[in-house]
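First up is the structure itself, then whatever we jot down about it.
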Amino acid sequence: MQNHAQGSPARQPGRAAFAAFVGTTIEWYDFYIYAMASALIFNKLFFPQGDPFYATLASFGTFAVGFFARPFGGLIFGHLGDRVGRKKALVATLAIMGIGTVGIGFLPTYASVGALAPTLLVVLRIAQGIAIGGEWGGAVLMAGEHAPQRKRTFLASFAQLGSPAGLILALLAFKTVGHLPRETLMGWGWRLPFLASAVLLVIGVFIRASVSESPAFTAAIEREKPARLPIVDVLRNAWGTVLLCLGANVIGVAGAWFVNTFMLSFTTQTLGLNREMILDCLFVVAFIHFFNQLLSGWIAQRVGPVKFLAWAAGLAMLSPYPMFALVSTGRPVAIIIGIGIAVVCMSGSYAVMAGLMTDAFDVRYRYSAISLSYQCCAALAGGLTPLIGTVLAHAWPGQWWPLALFYSSLAAVSLVCLIGLQWKKSSYRASAPVAVPE
1 MQNHAQGSPA RQPGRAAFAA FVGTTIEWYD FYIYAMASAL IFNKLFFPQG DPFYATLASF
61 GTFAVGFFAR PFGGLIFGHL GDRVGRKKAL VATLAIMGIG TVGIGFLPTY ASVGALAPTL
121 LVVLRIAQGI AIGGEWGGAV LMAGEHAPQR KRTFLASFAQ LGSPAGLILA LLAFKTVGHL
181 PRETLMGWGW RLPFLASAVL LVIGVFIRAS VSESPAFTAA IEREKPARLP IVDVLRNAWG
241 TVLLCLGANV IGVAGAWFVN TFMLSFTTQT LGLNREMILD CLFVVAFIHF FNQLLSGWIA
301 QRVGPVKFLA WAAGLAMLSP YPMFALVSTG RPVAIIIGIG IAVVCMSGSY AVMAGLMTDA
361 FDVRYRYSAI SLSYQCCAAL AGGLTPLIGT VLAHAWPGQW WPLALFYSSL AAVSLVCLIG
421 LQWKKSSYRA SAPVAVPE
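Sequential numbering from 1 applies to the sequence shown in the numbering used here.
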């Protein structure tokens, strides 16, 4: 008899996709509230107050630390996921992220304990990075490996929906505490979004427990013993594909942090626009992001993921110019349209890469391979993007063209690597029943 908690096999693809969505939503909520706090609050509470530029740079530096920890999380949990199962690894990542985020909510500030405050902040940020580093690959595989081939691109994209959904929740949290008096917000109000993660953690673990182990993983370990060191097999057999997938992910990963983190700082601090108005605009854009990812997964399932991704990257190269031109007007509708243009191109790429990467590697080392590829991209492109944007804005005050060129270069990298993946598709080593993407 089927375990009642896990439901019938026919329902598992939908259940797995939903569980992946909920889990990544919680983890991205935790990650995004840190990103917003680093742009708006942490530079004032956790670092010495002098030149605002250097305080903001230091705050974004702690933000980047979480990205640099992500490849290590990918290696740790990729190893566990390829040896003992995707499900166990995912429960562990969710717990670590929740504990790290709630811990930030209890931290003392620089005014209370001096240099110990940013030190503890960095430690907990590393915990967040390790958790999200292990989360992404497992969530994508739980959704993609449960799905039949004809629905894999679409259902795997549900794991990616957690990013805009987490952003929506994070924006709601900060908009709510933003109504508090400034003294209250800077005193204890900023802690509430972090402490709320404890409730989300319980919900996420309960939902994850309802999903069975990946059928592709179960079939693989029944055929042969798991690899002793999956990462060694990755580096021996698929290092070229790992590098190409890393590059193909750049615009989806770095573009998201450029829009959602750097643009928040750029519009409020460089352009001097009202913080609440910008948060309102980003809130609307987050819904565009969410529904565009659903649409993108559906379209890519029909036209082919590589073809769709190439178009998305090409359009993303053009998108920063109307974005900055419209944002510079300072009008809310123009800001929403401008950022929305960039988000439509970027989020389409982000949604569809999940299914493409699921099909690109052998199931025996797939968790390790996609985690290494994606998380190294996150560390190099995502973590450095707000820092590079801040430096460019400081070096060319009042001019946005260097920022637009930087964004276009990110999209160009993805386009070139997608072309490389298309050339290399004949050497993909996807195991049955996973088919080579077209």
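We put the beta carbon where it would ideally sit given N, CA and C, even for glycine.
Inter-residue CB distance, residue i and residue j (contact presumed, cutoff 8 Å)
i, j, result
"Phe47", "Pro108", "Contact flag wrong, Cβ pair sits at about 14 Å."
"Val177", "Leu169", "13 Å between Cβ atoms; not a contact."
"Ser414", "Val352", "In fact, because the Cβ distance is near 12 Å, the residues do not count as touching under 8 Å."
"Thr270", "Ala393", "5 Å"
"Ala379", "Ser349", "With 8 Å as the limit, Ala379 and Ser349 do not qualify as a contact, their Cβ atoms being about 18 Å apart."
"Thr329", "Gly162", "Thr329 to Gly162, Cβ: 32 Å. No contact."
"Gly247", "Val416", "7 Å"
Among the options, nearest to residue i - alpha-carbon criterion
i, options, result
"Leu195", "Thr101, Tyr34, Gln12 and Leu318", "Thr101"
"Glu27", "Lys151, Ile99 and Ala334", "Ile99"
"Tyr367", "Ala173, Arg275 and Pro226", "Pro226"
"Val363", "Arg125, Ser214, Leu167 and Gly166", "Ser214"
"Met97", "Trp188, Leu201 and Leu192", "Leu201"
"Ile288", "Leu418, Val259 and Trp190", "Val259"
"Gly382", "Leu421, Thr25 and Phe31", "Phe31"
"Ala216", "Gly398, Val140, Trp400 and Ala395", "Val140"
"Val284", "Gly105, Lys424 and Leu172", "Leu172"
"Phe361", "Gly144, Ala92 and Tyr29", "Gly144"
"Gly443", "Ile76, Gly105 and Ala198", "Nothing can be reported for residue 443, as the shown portion of the chain is limited to 1 through 438."
"Ala238", "Tyr29, Thr25 and Lys424", "Lys424"
"Tyr453", "Ile336, Pro322 and Leu418", "Residue 453 falls outside the range modelled here, since the chain spans only 1 to 438, and no answer is possible."
"Arg152", "Leu384, Arg331, Ala300 and Val391", "Ala300"
"Leu264", "Ile126, Ala127, Thr390 and Leu75", "Thr390"
"Thr218", "Leu180, Tyr54, Gln128 and His146", "His146"
"Ala412", "Val250, Thr93 and His179", "Val250"
"Leu115", "Leu45, His179 and Leu94", "Before going further, note that residue 115 is Ala rather than Leu in the sequence given. Of the candidates Leu45, His179 and Leu94, the one whose C-alpha sits nearest the C-alpha of Ala115 is Leu45."
"Trp401", "Ala325, Cys377, Ile336 and Ala342", "Ala325"
"Ala342", "Arg331, Gln422, Ala256 and Glu276", "Ala256"
"Val65", "Pro181, Ile335 and Leu120", "Leu120"
"Ile221", "Ile41, Gly81, Ala127 and Gln422", "Gly81"
CB of residue i within 8 Å of CB of residue j, strictly
i, j, result
"Gly338", "Val327", "yes"
"Val84", "Gly204", "no"
"Ala254", "Leu410", "yes"
"Tyr110", "Phe63", "no"
"Gly137", "Gly187", "no"
"Ala89", "Leu167", "no"
"Pro13", "Pro148", "yes"
"Arg223", "Met142", "no"
"Ala395", "Met346", "no"
"Phe36", "Phe262", "Per the sequence shown, residue 36 should be read as Met rather than Phe. Against a cut-off of 8 Å, the Cβ pair of Phe262 and Met36 comes out as no contact."
"Leu235", "Ala310", "no"
| Any contact of the region 10 to 20 with the region 146 to 159, i.e. 3+ C-beta pairs under 8 Å? | yes
| message | Any contact between the region 343 to 359 and the region 219 to 239? By contact I mean 3 or more CB pairs, one from each, below 8 Å. | response | no
| message | When you compare the region 125 to 137 with the region 69 to 81, are there three or more beta-carbon pairs, one atom per stretch, that lie closer than 8 Å? | response | yes
| Which full runs of the alpha helix (DSSP H) of 4+ residues lie inside the region 113 to 181, going along the chain? | 116 to 146, 152 to 160 and 162 to 177
| request: Decide yes or no for the touch test of the region 278 to 287 against the region 52 to 66: beta carbon pairs closer than 8 Å, at least 3 of them. | output: no
| field | Validate contact between the region 205 to 218 and the region 296 to 307 using beta carbons, cut 8 Å, 3 pairs | value | no
| task | Examine the Cβ distances between the region 234 to 252 and the region 372 to 380 and report whether three or more of them are shorter than 8 Å. | result | yes
| request: Return the chain-ordered ranges of every alpha helix (DSSP H) run that is complete within the region 277 to 330 and spans a minimum of 4 residues. | output: 305 to 318 and 320 to 327
| field | Complete runs of the beta strand (DSSP E) confined to the region 63 to 122 [at least 3 residues] | value | none
| Entirely enclosed beta strand (DSSP E) segments - the region 220 to 270, minimum 3 residues | none
| task | Can you check the region 340 to 409 for any alpha helix (DSSP H) of at least 4 residues that lies completely inside it and give the ranges in chain order? | result | 366 to 377 and 385 to 395
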